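If you read the protein sequences in the order shown, they are chains C and Y. Note that numbering that gives the first Met the number 0 gives residue 168 to position 169 of the first sequence, counting from 1, and the numbers run on in steps of one. Note that numbering that gives the first Met the number 0 gives residue 202 to position 203 of the second sequence, counting from 1, and the numbers run on in steps of one. Each residue gets a CB set at the ideal place from its N, CA and C atoms; glycine is no exception. Treat the numbers as computed from the prediction; the structure is a model and nothing was measured. Shown next, in structure tokens, is the structure this report addresses.
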Amino acid sequence: MRRLHVLLLGALLMVSLSAVRWSPGAAFAAPRSVLRVAIPVLPRTLDPNVDSSLVHFKVWHLLYDTLVAVDASGKAEPRLATAWRILSPTTWEFKLRRGVKFHNGEDFDAEAVRATLSYILDPASRSTWAQRFTLIADVKMVDPYTVQIITTQPFPLLAKTLAVAFILPPKYLAKAGAGKFGLTPVGTGPFRVRAFRSDEYAQFEAFGGYWGAKPKVASVLMRQIREASGRTAGLEAGEIDIAYEISVEQVERLRSRNLNVVASVVGASYLVNLKTMVKPLDDARVRRALNYATDATAINNALLLGLSRPLQGQMVGPNSTGFNPAIKAYPYDPERARQLLSEAGYPNGFRITFEGSNGRFYKDKEIAETVCAQWAKVRVTCDLVLLESNVWLQHLVSGVLGPVSAAPWQTAPQLDLEVPVTNFLSTGPRKMASIPAIDEWFAQQRGTMNPVQRLYYLHKLAEVIYEEAPVVFLFENIGAYALSPKVGGARFRPDYSFDPVAINLGD
Amino acid sequence: MLFRIVLGRTLAVILVMVGAATIVFAVLRLSGDPVLLYAAPDTPLATLERIRQELGFDAPMYIQYLRYLGSLARGDLGYSLRYEQPVVRLLLERLPATLALAGAAFVIALILGVSAGLISAVRRGSVYDQISVAGALLGQAVPPFWLGLMLILVFGVYLRVLPTSGSGGIRHLVLPAFTLGAFFTARIARLTRTAFLEVLGEDYLRTARAKGLPERRVLIRHAAPNAAIPIVTVLAVTLSQLVGGAIVTETVFAWPGMGRLMVQGVLARDYPLVQGAVLLIAALVAVISFATDLLYAAVDPRAR
């Protein structure tokens with residue numbers, strides 16, 4: 000009788016165990032030429048048009064190429080386009096790289112560029128990048144390796160904006176359709192996909208036909224591990240080579256265990272948004288006062304180990320086009336803040352709603368709480384409302400976010416002042432700000448194709464933004480990574496990606 | 000007789016499924032807008048409105064509900080918005096991992112819980128009993144995310160005998176199964192102890208002992224069948240909770256089960272996915288309680 004029980008239990012256990020698919024097991028017990036990367040979240044599909052978040056660029060850069068890339072100093076560099084020139088204020092011509100093949104053997108040519116851009120602009124494909132290319136009127140194929148892009152009005156940032164147009168294979172895309180393409184994607188990148196399971200892992204193998212330098216690792220395994228402690232535990236146990244987005248509290252301990260910890264600036268500026276059409280934020284003195292009342296350096300030191308880079312009274316850092324070296328950060332000066340508030344008619348401060356997100360961005364709740372605590376010293380009282388991540392997004396996109404909110408606004412991959420400022424135009428769908436001078440200088444820089452003149456306008460725009468202060472300038476976000484000592488050639492770029500052909504495992 | 004029980008229970012299962020489908024439909028629509036999944040920060044409202052129409056979320060609620068019931072009746076759980084794959088495929092991909100974790104945790108809880116509780120009851124007041132009761136309290140009090148992290152640190156990072164996360168073999172199952180099983184082990188141990196203590200004081204056991212039966216026989220033949228009824232009930236409830244997905248354990252160990260999938264679905268307002276997952280879990284729970292009812296009939300003559 001008892002033996003029967005044991006047998007039954009044993010059988011139950013075996014049945015339940017054998018039901019699991021064990022296939023990825025071999026991949027996790029990997030040879031040295033497999034780079035194993037632990038990341039907090041994989042994209043929901045591998046179509047690079049599904050999500051505009053910078054955190055997915057590390058995946059896109061393995062599989063895909065763009066015509067133009069932007070280097071860490073904000074300069075445009077040739078990729079699949081070898082050269083480009085401006086024929087008229089609304090016509091660009093791109094010369095394409097020859098001899099480039101897609102993973103499935105298709106040739107890369109002008110048709111691929113045309114098909115990719117029309118896929119992005121087709122409402123049916125719901126591309127997250129469509130909004131960036133609305134100025135494109137036409138893509139003309141001059142010959143198989145020359146394309147002209149015609150815009151409806153001058154679009155000085157076109158070349159750099161192409162850094163988000165990942166080139167797709169026209170024939171395969173048409174055959175597979177968007178849904179299947181996202182699961183079995185094909186690009187021209189240095190790696191091709193071997194296996195993909197949403198929310199679990201994606202495995203890539205080096206593509207022998209890649210046009211550029213050959214990758215130094217045979218394959219890359221990206222595993223989604225939501226918990227930061229789970230990613231670092233995997234690294235410490237030798238199961239992982241790179242742990243992405245480690246929490247700053249772990250930095251000391253990881254260093255003490257002889258692991259490399261790298262922190263590098265990413266292309267996102269953390270700003271406290273002040274709705275300039277809401278009283279009392281309609282008064283620039285009040286907005287400047289809030290800048291004087293905020294100690295971004297203290298927040299950086301207390302919450303981010305001092306790893307991030309405080310902004311200098313402008314929306315971008317020194318590696319972006321449009322950074323104005325003449326502008327300096329608002330110093331932390333509560334006395335000056337109180338004085339400005341008095342001048343504006345608020346000697347006893349005021350109460351205001353701060354709608355923050357909770358868990359959408361790294362330390363968002365703590366940052367909001369600290370800002371509010373600092374403002375309390377100048378008698379500005381926050382009614383801090385912390386919203387669940389998607390509710391916050393819903394408020395943002397429908398333009399009903401509270402008078403004060405905070406977010407890291409993307410500046411990458413273009414690394415250009417135009418990118419974050421787009422969110423603060425009076426015509427913007429989010430109704431974040433309404434300041435005529437900002438609209439005006441923004442339009443000026445959009446209207447010129449002369450880079451020197453454009454830079455002048457961007458500097459003017461930065462000055463106006465400093466004076467008008469539609470935001471409180473906090474800091475440029477950082478990415479923090481922990482690496483096993485055998486990983487070499489890992490330089491993390493402002494879009495969180497690493498150079499897939501330079502990275503190696505030391506052998 | 001048996002036919003009537005089975006028929007009655009089958010009707011109840013169908014009723015439960017329709018109820019679950021209706022509740023999840025209503026509750027999800029209170030939770031937020033699924034179109035946000037497609038919203039980059041610069042997406043114009045008009046674009047979102049167009050996507051809402053394409054997905055059919057602009058139709059009146061009752062139309063959406065009727066459409067939904069219609070497709071359910073055809074066995075169609077729909078297409079996940081987030082993963083852009085059929086919901087059935089996503090669920091079936093994750094079901095084995097969920098069942099393996101639930102099964103292993105259940106077996107651990109059953110073996111450890113029942114034996115600890117039984118020994119505790121028989122050796123009431125002994126050192127063993129005290130350790131076991133304290134252990135059971137601790138097991139129920141320790142939060143699974145903490146226990147999981149501690150197990151990862153000890154067995155994965157320091158001793159390096161087991162993998163820290165992921166799926167891939169029986170070794171990957173050990174830590175999550177123990178983490179998940181700990182809570183239920185403790186609950187079952189406490190309940191078994193109480194159930195046996197109650198029965199052990201009964202007159203018929205004294206009679207059995209007075210007849211000169213060996214103690215082991217007294218326990219197995221006379222005490223166990225009577226103590227088993229509450230234990231079977233709790234085991235059934237435990238199993239139902241386990242197949243519902245162990246969200247915390249799955250997250251800590253990056254275990255690819257349904258719990259995590261469902262949380263992703265909820266966060267993304269992936270209506271079809273969450274609806275499908277809830278229905279599948281409701282079906283599993285209904286089947287388990289169906290089986291429990293049959294088991295009752297076996298252990299308790301009064302239930303027949």
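In terms of Cβ geometry, residue 65 of chain C and residue 109 of chain C do not form a close pair [threshold 8 Å].
For residue 421 of chain C, the chain Y residues whose C-beta falls within less than 7 Å of its own C-beta are 41, listed in chain order. Residue state for residue 103 of chain Y is assigned as helix, using DSSP reduced to three classes.
DSSP, reduced to helix, strand and coil, places residue 202 of chain C within a strand of the structure shown.
Secondary structure of residue 289 of chain C (DSSP, three-state): helix. Within the stretch 43-59 of chain C, those residues whose Cβ lies closer than 7 Å to any Cβ of chain Y are, in chain order, 43, 44 and 51.
Annotation: residue 188 of chain C to residue 450 of chain C spans about 30 Å, alpha carbon to alpha carbon. Taking 9 Å as the Cβ-Cβ cut-off, the stretch 326-343 of chain C has no residue approaching chain Y. Excluding five sequence positions before and after residue 230 of chain C, the CB atoms of its chain that fall closer than 6 Å to its own CB belong to 37, 224 and 242, given in chain order.
Along the stretch 56-93 of chain Y, the alpha helix (DSSP H) occurs as fully enclosed runs of 4 or more residues at 60-72, listed in sequence order. What residue 31 of chain Y touches in chain C, judged by beta-carbon distance under 7 Å, is 389, 390 and 393, going in chain order.
It is roughly 13 Å from the alpha-carbon of residue 235 of chain C to the alpha-carbon of residue 148 of chain Y.
Counting only runs that start and end inside the stretch 55-82 of chain C, the beta strand (DSSP E) elements of at least 3 residues fall at 67-69 and 75-77. Put simply, the backbone Cα of residue 116 of chain Y is about 34 Å away from that of residue 277 of chain Y.
Here residue 434 of chain C carries a coil assignment [DSSP, helix/strand/coil]. Residue-level contact check: residue 293 of chain Y does not touch chain C, since none of the beta carbons of chain C fall below 8 Å from its beta carbon. In this chain, the beta strand (DSSP E) harbouring residue 407 of chain C covers 403-409.
Here the C-alpha atom of residue 114 of chain C lies approximately 26 Å from the C-alpha atom of residue 74 of chain C. Shown in chain order are the members of the stretch 120-143 of chain C whose Cβ falls below 7 Å from a Cβ of chain Y: 122, 125, 127 and 130. In terms of Cα proximity to residue 143 of chain C, the closest of C:312, C:149 and C:96 is C:96. 232, 233, 235, 236, 237 and 238: these are the residues of the stretch 232-248 of chain C whose beta carbon lies less than 8 Å from some beta carbon of chain Y, given in chain order.
By the rule that beta-carbons nearer than 8 Å mark a contact, residue 222 of chain C touches chain Y.
The count of Cβ pairs closer than 8 Å, one atom from the stretch 260-272 of chain Y and one from the stretch 9-18 of chain Y, stays below three, leaving the stretches out of contact. Taking the CA atoms as reference points, residue 63 of chain Y sits about 13 Å from residue 274 of chain Y.
Interface flag for residue 263 of chain Y against chain C is set, since a Cβ pair is found closer than 8 Å. Closest in alpha carbon position to residue 239 of chain Y, among Y:100, Y:72 and Y:77, is Y:100. In the structure shown, residue 142 of chain C falls within a strand segment according to DSSP collapsed to helix, strand and coil. Around the beta carbon of residue 218 of chain Y, a 10 Å sphere encloses 16 or more other beta carbons of the protein chains shown; the residue is thus reported as buried. Residue 83 of chain Y belongs to the set of residues whose beta carbon lies under 8 Å from a beta carbon in chain C.
The stretch 201-217 of chain C and the stretch 434-443 of chain C do not touch, with fewer than three beta-carbon pairs separated by less than 8 Å. With distances taken between CA atoms, residue 5 of chain Y lies nearest to Y:292 out of Y:78, Y:292 and Y:207. By the C-beta criterion, the stretch 468-480 of chain C is judged to be in contact with the stretch 299-316 of chain C, since at least 3 inter-stretch pairs fall below 8 Å.
The C-alpha of residue 71 of chain Y lies about 21 Å from the C-alpha of residue 29 of chain Y.
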